[in-house]
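J.: In our numbering, the protein residues as written are 4 to 268. Quick reminder that beta carbons are idealized off the backbone N, C-alpha and C, glycines included.
(1) Buried or exposed for residue 6, please, with buried defined as at least 16 other CB atoms from any protein chain shown within 10 angstroms of its CB.
(2) Around the Cβ of residue 232, are there at least 16 other Cβ atoms within 10 angstroms (buried) or fewer (exposed)?
(3) Three or more beta-carbon pairs under 8 Å between the region 103–111 and the region 50–64, yes or no?
(4) So, with DSSP's three-state summary, where would you put residue 122?
(5) Would you list the one or two residues that DSSP bridges to residue 218?
(6) How many whole angstroms separate the CB atoms of residue 145 and residue 182, which I take to be in contact at a CB cut-off of 8 Å?
(7) Would DSSP call residue 208 helix, strand or coil?
(8) For residue 13, is the classification buried or exposed, using 16 other Cβ atoms within 10 angstroms of its Cβ as the cut-off for buried?
(9) For the structure I just gave you, are there three or more beta carbon pairs, one from the region 32–45 and one from the region 82–100, closer than 8 Å?
(10) Measure the alpha-carbon distance for residue 23 versus residue 76 and round it to whole angstroms.
(11) In chain order, what residues of the same chain have a beta carbon less than 8 Å from the beta carbon of residue 206, not counting five sequence neighbours either side?
(12) Return the first residue and the last residue of the alpha helix (DSSP H) that residue 135 is part of.
(13) At a cut-off of 6 Å, would you count residue 213 as near the ligand ZN, judging by its Cβ distance to the nearest heavy atom?
(14) So what's residue 64 in DSSP terms, helix, strand or just coil?
(15) With respect to the beta strand (DSSP E) encompassing residue 254, which residues constitute its N-terminal and C-terminal limits?
(16) Below 8 Å on the Cβ atoms is my guess for residue 197 versus residue 247; work out the distance and round it to an integer in Å.
(17) If we ignore side chains and look at the alpha-carbon of each, how far apart do residue 236 and residue 68 end up?
(18) Restricting to Cα atoms, I'd like to know which of 136, 48, 31 is closest to residue 85.
(19) Where does residue 122 land, buried or exposed, given buried means 16+ other C-beta within 10 angstroms?
(20) Could you tell me the alpha carbon to alpha carbon distance between residue 220 and residue 190, rounded to whole angstroms?
(21) Counting only the same chain and skipping the five closest in sequence on each side, list residues whose C-beta sits under 7 Å from that of residue 252.
(22) Leaving aside the five residues before and after residue 228 along the sequence, list all residues of the same chain whose C-beta is less than 7 Å from its C-beta, in chain order.
(23) Alpha carbon to alpha carbon, how far is residue 74 from residue 116? Give it in angstroms, no decimals.
(24) Give every residue of the same chain whose Cβ lies closer than 8 Å to the Cβ of residue 132, excluding the five residues on either side of it in the sequence, and list them in chain order.
(25) Whole angstroms is fine: what's the gap from residue 155's alpha carbon to residue 218's?
(26) Thinking C-alpha only, which one of 257, 193, 187, 222 is nearest residue 57?
Given below as structure tokens:
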């Protein structure tokens with residue numbers, strides 16, 4: 004059998020490497036959603052709750068038609084709930100041609116809205132086709148500070164911030180996500196800087212301020228990988244409220260017209 008490269012956009016039968024799927028997703032975009040987790044990620048976030056998605060050679064190969072067959076039984080349900088299809092990871096832009104082909108068929112066959120959950124760690128030209136069939140981008144900003152982003156994820160944030168700005172320029176609707184980790188991403192200066200950056204973007208409707216949790220630690224242990232944030236506890240309600248106030252302050256310093264809704268995940 005011919006081997007098909009999932010990153011080859013000229014192939015008419017792209018195959019993606021899939022980690023898992025969820026037919027009843029409620030936290031990855033509006034409504035009830037079909038959520039597809041892609042395999043492979045270029046970041047190594049210290050708080051990652053899916054380290055089993057890192058390996059680009061893992062997962063199982065699936066065609067677009069095979070994924071569509073998983074979606075089809077629930078289409079009416081997603082439609083009635085105001086939901087749709089979200090592709091996340093891992094990092095889905097590593098397999099941008101496959102995800103683009105999937106979104107094209109989701110729209111053509113089912114008429115469902117599409118959402119892309121991404122770290123933004125890619126070049127814009129690599130995802131232009133994908134973004135043309137993406138209705139909403141869920142963009143993670145791990146840390147606004149370049150050096151601290153690199154310490155947290157093993158990569159700098161230049162591409163991430165450039166992607167956020169480019170999404171704003173093309174008018175693509177965006178929900179931002181930021182994980183609040185005590186002692187790591189909760190410094191007042193950086194939270195205010197994050198707010199200022201958000202205030203300069205024109206298409207951000209929502210910021211999900213996500214309290215750090217330890218629910219994925221067991222996966223690190225199972226994989227035999229030392230967990231970098233051992234001993235770090237989730238933030239308190241007071242910590243989250245403080246972070247929200249600082250981000251709102253930064254947004255207000257930069258933006259005077261549209262507002263950004265901030266939620267706690």
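T.: Per the coordinate set shown:
(1) Confidence at residue 6 is low in this model, with a pLDDT of 35, below 50, so its placement is unreliable and the value that follows should be read with caution. In the assembly as shown, residue 6 is an exposed residue. Its beta-carbon has fewer than 16 other beta-carbons within 10 Å.
(2) Residue 232 comes out buried.
(3) Contact between the region 103–111 and the region 50–64 is not established, with fewer than three Cβ pairs separated by less than 8 Å.
(4) In the displayed model, residue 122 falls within coil according to three-state DSSP, outside both helix and strand.
(5) Answer is none; residue 218 lacks a bridge partner.
(6) Right, the Cβ-Cβ distance comes to about 7 Å (below 8 Å), so this counts as a contact.
(7) Strand.
(8) Unreliable positioning characterises residue 13 in this predicted model, as indicated by a pLDDT of 41, which lies under 50. A coordinate reading is not provided.
(9) Yes, since at least three Cβ pairs between the region 32–45 and the region 82–100 fall closer than 8 Å, the two stretches touch.
(10) When rounded, the distance between both Cα atoms is 17 Å.
(11) Leaving aside the five residues that flank residue 206 on each side, the residues in its chain whose CB is nearer than 8 Å to its CB run, in chain order, 170, 171, 174, 175, 176, 177.
(12) Per DSSP, residue 135 belongs to the alpha helix (DSSP H) from 131–135.
(13) Here there are no bound small molecules, and the ligand ZN is not part of this structure.
(14) Here residue 64 sits in strand by DSSP.
(15) Going by DSSP, residue 254 is part of no beta strand (DSSP E) but of the alpha helix (DSSP H) stretching over 240–257.
(16) Rounded, the Cβ-Cβ distance is 11 Å, inconsistent with contact.
(17) Cα to Cα, the separation comes out at about 43 Å.
(18) Nearest of 136, 48, 31 to residue 85, Cα basis: 31.
(19) Buried, because 16 or more other Cβ atoms sit within 10 Å of the Cβ of residue 122.
(20) So the alpha carbons of these two residues sit roughly 24 Å apart.
(21) Take residue 252, set aside five residues on each side of it, and the residues of its chain with a beta-carbon closer than 7 Å to its own are 195, 198, in chain order.
(22) So the qualifying residues of the chain are 54.
(23) Counting only the Cα atoms, residue 74 lies some 13 Å from residue 116.
(24) Beyond the five residues adjoining it in sequence on each side, residue 132 comes within less than 8 Å, by CB distance, of 12, 99, 100, 103 in the same chain, given in chain order.
(25) Approximately 18 Å, taken between the alpha carbons.
(26) The residue with the shortest Cα to Cα distance from residue 57 is 222.
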